[in-house]
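Working notes, structure below.
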Amino acid sequence: MRRRLGWIAIAWLVAICALALAVYGSAPVHAGLDERTTAVASQLRCLVCQGESVADSPSGFAAGIRALIRRDLRAGETPAQIESFLVSRYGNRILMAPQSGGIGQIAWLAPPLLVLGGLGFVLTLIFDWRNRGRTPVLVADSYLERVRAELAEE
Amino acid sequence: MIGPLGHLAIMAALVVAAAGSLASFAGGRTGDHALIAVGRRGVYITAALVTAAVILMLTALVTHDFAVKYVADVGSRETPLYYTVISLWAALEGSILFWVFLLSLYTVAFLLTTRRFPTLLPYATGVLLAISAFFLFVIAGPGNPFAAVHPVPADGAGPNPLLQNNWMMGVHPPLLYLGYVGLSVPYAVSVAALLRGTAGSDVLRLIRRWALVPWVFLTLGIVAGMWWSYAVLGWGGYWSWDPVENASVMPWLVTTAFLHSLQVQERRRMLGTWTLSLIVTAFLLSILGTFLTRSGVLASVHSFTQSGVGPLFLVLFSAVLVSSIVLLTLRGGTLDAPGVLDAALCRESAFLVNNLLFIALTFTILLGTMFPLLVQALQGSQLSVGAPYFDHVAVPIGIAVLFLMGVGPVLPWGASRLDVLQYRLLPPVAAGTLAIILLLVLGVRGVSALIAFGLAAFVLAVTLGRVAGDIRTRRGNTSESWVGAGARLLALNPRRYGGYLVHLGVILVIVGITASGSYQLQGNATLRPGESASIGAYRLTYLHLVPHGESNRMVLGASVRVARAGRDLGTLTPSLNYYKNQSQPVPDPAIRSTFAGSPLSDGEQLLRGRNPFEDLYLVLQGFTVNRRHPARSAVALQVYVNPLVGCIWLGGGVMGIGGLLAMLPARRRRTAREMPVPAAEEAAV
Amino acid sequence: MKRLIGVVFLVIAAGVVALLASGFGRNPATVRDPLVGHPAPDFTLAAYDGTTVSLRALQGRPVVVNFWASWCADCKVEHRALLQAWRADRSHVVFLGIPYQDSRSGAAAFLRRYGGGWTQLRDPSQDTAINFGVWGVPETYFIDRHGVIRAKVTGPVTAATLQTDLREIAG
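The listed protein sequences derive, respectively, from chains G, D and C.
Here the first sequence is numbered in the numbering used here, starting from 200 and rising by one per residue.
Here the second sequence is numbered in the numbering used here, starting from 1332 and rising by one per residue.
Here the third sequence is numbered in the numbering used here, starting from 126 and rising by one per residue.
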């Protein structure tokens, strides 16, 4: 009984936590023009700087782009429209991150796929080893041998 | 005169290192003591020659001997002595010389402190001397810093302004180099172990000790690099996911994975080959880091040199990569016990997942860093991969690592007992939840930041809870005080508590990064003398310009009076530094640091639910001078308020101390009665 | 099996090395411009001399658009070549200068000192510069009779590059 109580308490705390986050954390952000400009600018690279975004850089180039973003946002353009206009002028290198289409897809998909695939592999391994730990006699299993080798080499 | 002498020393060192390497390998193979002794002597002679070359180079720098190419490249008569001395690593050739110097010191230290392992040592020595020989070859030929200059210039241009703008330049590169170079030693021992086909626990312990040394240096070097970037580059941040920054963090991640995976090997004799391949990978990534920094294939803030040395580094990288794969394939696998677990939910599983996450994080950073090259090679088009990418892809993995940092230490080795687990987990989960609720009440918003803070509190509670639990157990068995029991435990198992201290340091760093990343305030103002601007709780009043000349530069400061919540905090002077031969001035930010307040006022602020711990960061962007009407002269200021940034530097220091503790040898237990920690719990970290 | 995995890793390693080696021939600072081969963005700007210039109105004649600034060192470097080309080809090629992030007095002083008689246009909001994809001066665009950008030079133009690019739009 005590054992179950502990788990219930943990689940309860986590649930409260999630609820609180959902309620307060997602409070509507009153994004003003300044915030929206910065949001767009932070996705763009300052081409005359090293590694800085248009939002961070004090350079004249960045100031010009920021002014353009502000004016276009006020005129009702979407951030995506502004980005695609700038890409048509400066090329993809003005974006701080690869686009999610085309070849950029590789960069976005590979890490989560690696984590999921790796997690599946590690879990298989753990349960295999657990089962082996439960069998009293160890059999030289070629499949396990292979899995182990794969893990060792990866 | 210095030039030819220095070149001679390097050529001699190259010959000795190459010969010593061959002798060592031959001696290791045949067991011939004479050959092994030759290799050993080769190490000492190489070290002496390289040290002589470094002293010659320093002499040339300090005496402004512009007949030496490197001095002509980076030296200038106006540069202050400190920056002249540290310009030893300000450019490519000098930093390779410095690199070999550190490697030869490491090799000597390794040989002097390692008495056992007679069969492994010759091979390890051979590998280390071979690496030395490679770097010596680079500076003996294509990148010779001692080359002669005709005609001898009267003066030089001096180092890059960014490299002489802050004293940290004398600290951060050597720390990083000590980290990168130090990884050669565990790599050499691993190769030796694979060649000999013996990788017992004692060998892995040797590797662990020599992996911890560079790990501590890398940790300190990375944090110092963040500090440098923050204090020098003037954009209010400390990490821009620049290729060179990424290159420094990748070996650190893999070495960290190694230090965790090693524990599974030690306890269960499993994952031996995997563990070895991690440390080999760490070394490979450190070479890759050098390559990316030095070859100029990627544009970056820090890669201040481009040269033909790049292809040579690629040759070294390929050689190490291919030989490692071949060795691990042929010799690995014979070193491990078969994988057996008593239960699925246990410390061993946590370490497996830990390794997966660290590898995934490293892979992500590597992919992001190399992706522009990949796209260029495949499509011929250019794109950049910057902060938004890494924030979206790498940060979630980092959050998962943080979560695991809380769960891992709670899980027992072998089989888990759920009732024990819930007792250990309940208080930390409560702590994390309470932290989130408290922050919400205090008005902190933002989902990802709240999750990070909650997890940090969770991990903090787990870590402190484990330590408190150990002390309580010990006090139950002995009659020591809390402090006495704590000290005794620390002496008995410095690894475990050093590891926990590192975890505490990580929490500090995470809190600092989350707070400053999510709650930074930013603004700019153009002020005339006497005018004020407000940002957050601060009020800034511009007073006047303060120009002063130094030997190598002109410093133009803007004196700004700062008040916080009505309380005067004195003046800050951000400046623009004008260097000789440099048209653009270098901004030098003025920073009032996180922990600069007084305990009294900080306490009062905290009671009012306000965070007093933040950096005020001022950058002078430009100015206009009106000679006729001085009152109309104005300065343009960029202002940042960065909460809790100081926690990052503090946390880095704590991690370093934890790493040093973990290096200490454990005190021998005298009696069985002094074994307070349950056997299944010791050496947790 | 073990060998197979080893071989797979060797192949991956070869790919990584090839990728790194592919970076050698290239300078990461050189860029391909997306606008070359496309119609030049139109603009109507006030000139320093008070007239108004519209790019569309100039169709039928080749146009050289030079973005520059008085604070830019490379602009001084290229100015002599530009001046010579303008003197030689002003009869059939339109030369336009657009100062970038510059003060009116600074630009005027520069022209008084180094010479130059072609039309200078004011682009105070940098809209035209951004529309052309200008990021660092000097940048020079070569537009043919149909209003299509045929070439772009980033950095200072030389007499040789000017000659080839002028022939491309005027020939």
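All C-beta atoms, glycine included, are put in the ideal place defined by N, C-alpha and C.
This one's a predicted model, so the numbers in the text were calculated from it and none came from an experiment.
Excluding sequence positions up to five away, which residues of its chain have a Cβ less than 8 Å from the Cβ of residue i?
i, result
"S1964/D", "R1859, P1860, L1876, F1954, T1955, V1956, N1957"
Please check if any C-beta of chain G sits within less than 8 Å of the C-beta of residue i.
i, result
"I1844/D", "no"
"A1455/D", "no"
"G258/C", "yes"
"P159/C", "yes"
"Q251/C", "yes"
"Q245/C", "no"
"Q226/C", "yes"
Can you give me the C-alpha to C-alpha distance between residue i and residue j, rounded to a whole angstrom?
i, j, result
"A232/C", "T283/C", "21 Å"
"V189/C", "D214/C", "11 Å"
"V1741/D", "S1779/D", "24 Å"
"W328/G", "L1672/D", "5 Å"
"T1902/D", "V1534/D", "57 Å"
"V213/G", "I1838/D", "20 Å"
"F1635/D", "G1406/D", "Low confidence applies to F1635/D: its pLDDT is 39, below 50, so where it sits in the model is not reliable, and the reading given next is rough at best. C-alpha separation (whole angstroms): 15 Å."
"A1894/D", "R1870/D", "5 Å"
"Q298/G", "R1892/D", "45 Å"
"E2013/D", "R1598/D", "The predicted position of E2013/D is uncertain, since its pLDDT is 40 and thus under 50; a value taken from the coordinates is nonetheless stated next. If I take the Cα positions, the gap works out to 10 Å."
Check whether the Cβ of residue i lies closer than 8 Å to any Cβ atom in chain C.
i, result
"R288/G", "yes"
"T1624/D", "no"
"S1649/D", "yes"
"F320/G", "no"
"V1716/D", "no"
"G1670/D", "no"
"V247/G", "yes"
Would you verify that the beta carbon of residue i is, or is not, closer than 8 Å to some beta carbon of chain D?
i, result
"A206/C", "no"
"A254/C", "no"
"R128/C", "yes"
"L324/G", "yes"
"A210/C", "no"
"I268/G", "no"
"V213/G", "yes"
"R235/G", "no"
"L313/G", "yes"
Compute the distance between the beta-carbons of residue i and residue j, then report whether it is under 8 Å.
i, j, result
"A295/C", "T244/C", "no"
"W1430/D", "Y1518/D", "no"
"T1587/D", "P1545/D", "no"
"A1788/D", "A1816/D", "no"
"I1618/D", "A1471/D", "no"
"L144/C", "L1705/D", "yes"
"V1972/D", "A1889/D", "no"
"I207/G", "A240/G", "no"
"P1669/D", "L1616/D", "no"
"H1834/D", "M1736/D", "yes"
"R1555/D", "H1503/D", "Note on residue identity: the sequence assigns Ala, not Arg, to residue 1555/D. Contact flag set, yes."
"G1510/D", "L1549/D", "yes"
Quick check: does the Cβ of residue i come within less than 7 Å of any heavy atom belonging to the ligand MN?
i, result
"I1610/D", "In the structure on display, the ligand MN does not appear, and there are no ligands present to speak of."
Whose C-beta lies closer than 7 Å to the C-beta of residue i among residues of the same chain, with five residues either side of it excluded?
i, result
"G1474/D", "L1423, E1424, I1427, S1638, V1640"
"G1729/D", "L1692"
"F1589/D", "A1542, T1606, L1609, I1610, A1613"
"C1677/D", "L1742, P1743, W1744, G1745, A1746, S1747"
Go through its chain and collect everything with a Cβ distance to residue i's Cβ below 6 Å, but skip five positions before and after it.
i, result
"D290/C", "F267, A276"
"G1664/D", "T1604"
"V1632/D", "Only weak support exists for where V1632/D lies, its pLDDT of 43 falling under 50; the coordinates are left without a value."
"A1383/D", "A1340"
Task: 4 or more residues per run - each alpha helix (DSSP H) lying fully within the segment 1713 to 1760 of chain D - done: Qualifying alpha helix (DSSP H) stretches, in chain order: 1718 to 1738.
Task: Length at least 4, wholly inside the segment 1931 to 2007 of chain D: the alpha helix (DSSP H) runs in chain order - done: With a minimum length of 4 residues, the continuous alpha helix (DSSP H) runs that stay inside the segment 1931 to 2007 of chain D are 1977 to 1994.
Open item on the list: Please give me, in chain order, every unbroken run of the alpha helix (DSSP H) with length at least 4 that falls completely inside the segment 1383 to 1449 of chain D.
Closed with: Segments of the alpha helix (DSSP H) lying fully in the segment 1383 to 1449 of chain D: 1400 to 1405, 1412 to 1417, 1423 to 1444.
- [ ] Within the segment 1474 to 1524 of chain D, note down every full alpha helix (DSSP H) run reaching 4 residues or more, in order along the chain.
- [x] Taking only runs of at least 4 residues, the alpha helix (DSSP H) segments lying wholly in the segment 1474 to 1524 of chain D are 1503 to 1513.
- [ ] Tell me the start and end of each unbroken alpha helix (DSSP H) in the segment 247 to 302 of chain G that is at least 4 residues and wholly inside, in chain order.
- [x] Unbroken alpha helix (DSSP H) runs of no fewer than 4 residues, entirely contained in the segment 247 to 302 of chain G, are found at 259 to 273, 278 to 289, following chain order.
- [ ] Please specify which runs of the alpha helix (DSSP H), each continuous and at least 4 residues long, are wholly inside the segment 1562 to 1607 of chain D, giving them in chain order.
- [x] Counting only runs of 4 or more residues that sit fully inside the segment 1562 to 1607 of chain D, the alpha helix (DSSP H) segments are 1574 to 1599, in chain order.
Task: Contained alpha helix (DSSP H) runs [length at least 4] in the segment 222 to 280 of chain C, N- to C-terminal order - done: Runs found: 229 to 239, 252 to 257.
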